[in-house]
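Encoded as structure tokens, the structure appears first; notes follow it.
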Amino acid sequence: MSNRRTGRLANDLDWNLLRAFWAIAEEGSISRAAVALCRSQPAVSIALKRLEQQLGIRLAVRSATSFRLTDAGRILHRECSEIFHTITHMPKLLEEESESLVGTLQIRLASHIVSDLVDSTFSEFHRRYPRVTMDISVSPSSSVVESTMNKSTKIGICLASVKHPDLEYLHLYREHFAFFCGRSHHLFGKEGLTLRDLEGEPAVSFRVFTFSDWVQTIGALNKQANLAVPMVGISDNLEELRRLLVAGVGIGAMPIHVMKRDLDDGLLWRLPPYDDPPAIDVYLVTNPRSQLGRIEAAFVRLLSAIVDTQPLSERTYPRAVGRPTRRSAA
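Going by UniProt numbering, the first residue of the sequence shown is number 1, and it counts up by one from there.
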């Protein structure tokens with residue numbers, strides 16, 4: 001359907017036809033829908049025909065003894081259900097914002113979301129709405145996107161190198177990745193290394209980097225270094241990969257700013273490439289077809305407002321991404 005036709009349909013569509021169709025789909029017959037709507041059966045039947053004409057597609061197959069929705073009819077029924085659910089809850093959605101929010105904010109994050117921007121948003125949100133419980137779950141970035149697509153998650157924060165056209169993305173920050181190893185690794189403390197020195201080294205990585213093309217930049221970096229395959233360690237969780245790195249199991253690409261404390265404490269060692277490390281963008285992901293509640297909408301508004309106050313240069317980690325200052329390996 002062309003954009004022009006879509007716009008015309010939105011302006012010309014009789015919303016009462018959608019209500020009639022929704023009743024038909026809910027009741028499973030035109031006659032029962034007529035009773036539910038307190039209208040005559042012929043009037044409801046005409047409403048269905050008019051809707052099909054306006055949409056240019058058949059929504060139901062009906063005979064004297066049977067009635068069933070077409071595939072298009074089932075899709076429209078699902079969408080109508082969301083529309084009428086929103087209308088039913090409209091009075092609650094329109095309550096004064098000054099009224100304190102009470103309930104639960106559910107957010108799904110990738111495990112490596114480490115950002116003072118995100119942290120300050122949580123802090124300010126709690127200050128404004130202290131009676132809201134923040135329920136945070138952790139998943140791989142690919143799972144965050146998938147759950148947002150199927151509407152089981154309303155708010156997700158994850159990395160993305162490929163954007164799905166059906167989702168909305170708010171660019172939160174940019175993080176740079178580099179290779180690291182632990183104290184017991186034979187490369188720990190060595191200066192003047194090049195990517196060639198990493199060739200054939202056992203490696204650990206995020207599962208999404210290993211089995212998915214969501215983060216092509218890290219896969220390209222691993223390939224450029226010609227690391228050994230298969231990986232000696234994979235996980236969906238940053239802390240577990242950090243554990244493997246510190247244990248000296250292998251080397252791995254990790255967010256530089258997240259590893260800074262371990263680097264300063266001498267638990268990890270930065271490996272090449274030192275210049276122009278790859279960058280990955282992190283986004284707030286929402287589904288425009290999923291109705292946000294008042295609590296979710298308030299969080300998204302707050303986070304968006306905070307992002308608007310900071311240029312990307314202030315939302316890039318680390319600020320300086322060149323060769324690190326070396327500490328003693330002793």
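Positions of the beta carbon are idealized from the N, C-alpha and C atoms, including for glycine.
Handout entry: Inter-residue spacing [alpha-carbon to alpha-carbon] between Ser141 and Val300
Key = In a straight line, the C-alpha of Ser141 is about 19 Å away from that of Val300.
Handout entry: Pro42, buried or exposed, once every other Cβ within 10 Å from all chains shown has been counted against 16
Key = exposed
Exercise for the section: Output the distance between the C-alpha atoms of Ile218 and Asn150, rounded to the nearest integer angstrom. Expected result: C-alpha of Ile218 to C-alpha of Asn150: approximately 27 Å in a straight line.
Practice task
Give a yes or no on contact between the stretch 219-226 and the stretch 152-170, applying the rule of three or more CB pairs nearer than 8 Å.
Solution key: no
Problem - Stretch-stretch touch, CB-based, cutoff 8 Å, three pairs: the stretch 274-281 with the stretch 128-138 - result: no
Handout entry: DSSP bridge partner residues for Phe67 (one or two, in chain order)
Key = Arg62
Exercise for the section: Answer yes or no: do Ser290 and Thr65 have a C-beta to C-beta separation smaller than 9 Å? Expected result: no
Practice task
Return the residue from the list Gly266, Glu27 and Leu55 that minimises the CA-CA distance to Trp15.
Solution key: Measuring from the Cα of Trp15, the nearest candidate turns out to be Leu55.
Handout entry: Ser141 - DSSP class collapsed to helix/strand/coil
Key = Correct three-state label for Ser141: helix.
Exercise for the section: Look at Arg270 and Ile280 and say whether their C-beta atoms are less than 9 Å apart. Expected result: no
Exercise for the section: Give, in chain order, every unbroken run of the alpha helix (DSSP H) that is at least 4 residues long and sits entirely within the stretch 165-238. Expected result: 207-211 and 216-225
Practice task
Would you mind working out which of Asp166, Met254 and Glu168 sits nearest Gly182, comparing C-alpha positions?
Solution key: Per the Cα distances, Met254.
Exercise for the section: Check the DSSP bridge columns for Cys158 and list the partner residues they point to. Expected result: Tyr283
Practice task
Return the CA-CA distance between Arg294 and Pro130, expressed in angstroms with no decimal places.
Solution key: Approximately 15 Å between the Cα atoms of the pair.
Exercise for the section: Note the first and the last residue of the continuous beta strand (DSSP E) segment covering Leu105. Expected result: Gly103 to Leu109
Practice task
Could you tell me which residues DSSP puts in a beta bridge with Met254?
Solution key: Ala178
Exercise for the section: Would you kindly report the start and end of the unbroken alpha helix (DSSP H) that includes Leu17? Expected result: Its alpha helix (DSSP H) spans residues Trp15 to Glu27.
Handout entry: Proximity below 9 Å, CB of Phe125 to CB of Leu302
Key = yes
Handout entry: DSSP bridge partner residues for Lys275 (one or two, in chain order)
Key = With the sequence shown as reference, residue 275 is identified as Asp, and Lys is not the correct amino acid for it. Answer is none; Asp275 lacks a bridge partner.
Practice task
Using DSSP bridges, identify the partner residues of Leu268.
Solution key: Gly182
Exercise for the section: Report back the beta-carbon spacing between Ala20 and Ala47 to the nearest angstrom; my notes put them in contact at under 8 Å. Expected result: 4 Å
Problem - Separation of Ala247 from Ser184, as counted between CA atoms - result: 7 Å
Practice task
Answer with buried or exposed for Leu51, where buried requires no fewer than 16 other C-beta atoms within 10 angstroms of its C-beta.
Solution key: Counting Cβ neighbours within 10 Å, Leu51 comes out buried, since at least 16 surround it.
Problem - Test item: CB-CB of Val282 and Leu241 under 9 Å - result: no
Practice task
Could you check which residue in Phe67, Phe179 and Ser152 has the C-alpha nearest to that of Leu268?
Solution key: Phe179
Practice task
With DSSP as the reference, please indicate the residues paired to Tyr317 in a beta bridge.
Solution key: Glu175
Handout entry: Whole-angstrom distance between Ala110 and Thr210, CA atom to CA atom
Key = Since pLDDT at Thr210 reaches only 43, below the 50 mark, its modelled position is unreliable, and the value read off the structure follows with that caveat. Near 16 Å, if we compare the C-alpha coordinates of Ala110 and Thr210.
Exercise for the section: Measure the alpha-carbon distance for Glu168 versus Asn287 and round it to whole angstroms. Expected result: 6 Å
Handout entry: Same chain only: Cβ atoms within 8 Å of Ser2, ignoring 5 sequence neighbours per side
Key = With a pLDDT of only 48 at Ser2, under 50, the local geometry of the prediction cannot be trusted, and no value is derived from it.
Practice task
Could you work out which residue in Arg39, Val35, Glu201 and Lys163 is closest to Val249 when comparing CA atoms only?
Solution key: Glu201
Practice task
Run the CB neighbour count on Gly252, radius 10 Å, all protein chains shown included, and call it buried at 16 or more, exposed below.
Solution key: buried
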